[in-house]
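Quick note on numbering: the sequence shown equals residues 3 to 179 in this note's numbering.
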Amino acid sequence: MPCNAPAKNLKVRRTATEQQIDRVNDFVKRLQEDSSGVSLNELNIRLKALDNLSNRSKCEELYYCIATTLKVCLSRFNNSDSNQTIHVSYAILSDEKYDTVKLPKIELREFSGDVTTWIAWFDGFTSLVQNNERLNTFTKLHYLVSKLSPAAKAPTASINIIAENYEIILQRIERPL
């Protein structure tokens, strides 16, 4: 099935990234024990290699995006005539191996439909979802619709929730303001 290719590619990238992080981590441990014989140039190269790695949250975000796409493919394959909603549950992958300083996850609040909170909410949505190039249109639409209260969804009730209607739904939500 062609939908498996992105997931397989993601697993390979994740494994390579974890191996690179392991190598840099081993180097740092050796450096803490004995820093003699290490040049400034080598430290800069190692730091640059670490900076070039995709960080774990980006890998996880890409994983969830691909997992959602795969579930959509699977649903279309299994229910080609059905027009059902897909419920995706995300498992949090924990790996204590790379514990570092962890910032709290930024959660997008639900938009209540209150015009006085629109600008702040839409700014958050734009930063976290709309401008995220790693998210496909379907995923952006899913986030948008899932973060609207029933009152805020009302202007979009007659529109089918499909990727092609993302911009239309977004405009309908903005229009009452």
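Where is the CB? At the ideal position from N, CA and C, for every residue including glycine.
Between the CA atoms of residue j and residue i - distance to the nearest angstrom
| i | j | result |
| --- | --- | --- |
| R25 | R16 | 14 Å |
| L110 | I175 | 16 Å |
| Q22 | L172 | 40 Å |
| A154 | G115 | 4 Å |
| A156 | V147 | 11 Å |
| Y145 | N11 | 24 Å |
| A159 | Y168 | 13 Å |
| T128 | T119 | 14 Å |
| T139 | E166 | 8 Å |
| R32 | A18 | 21 Å |
| C134 | E20 | It is Asn, not Cys, that sits at residue 134 in the sequence shown. If I take the Cα positions, the gap works out to 23 Å. |
| K13 | L137 | 18 Å |
| F124 | I170 | 16 Å |
| N162 | T70 | 19 Å |
Residue nearest to residue i in terms of C-alpha spacing, selected from the options
| i | options | result |
| --- | --- | --- |
| K142 | I164, P157 and A156 | I164 |
| E112 | K149, T119, F127 and L172 | K149 |
| V131 | E20, I108 and P8 | I108 |
Local conformation of residue i per DSSP, three classes
| i | result |
| --- | --- |
| L150 | strand |
| I88 | The pLDDT assigned to I88 is 39, lower than 50, so where the model puts this residue is not dependable, and the model offers no usable value. |
| P8 | helix |
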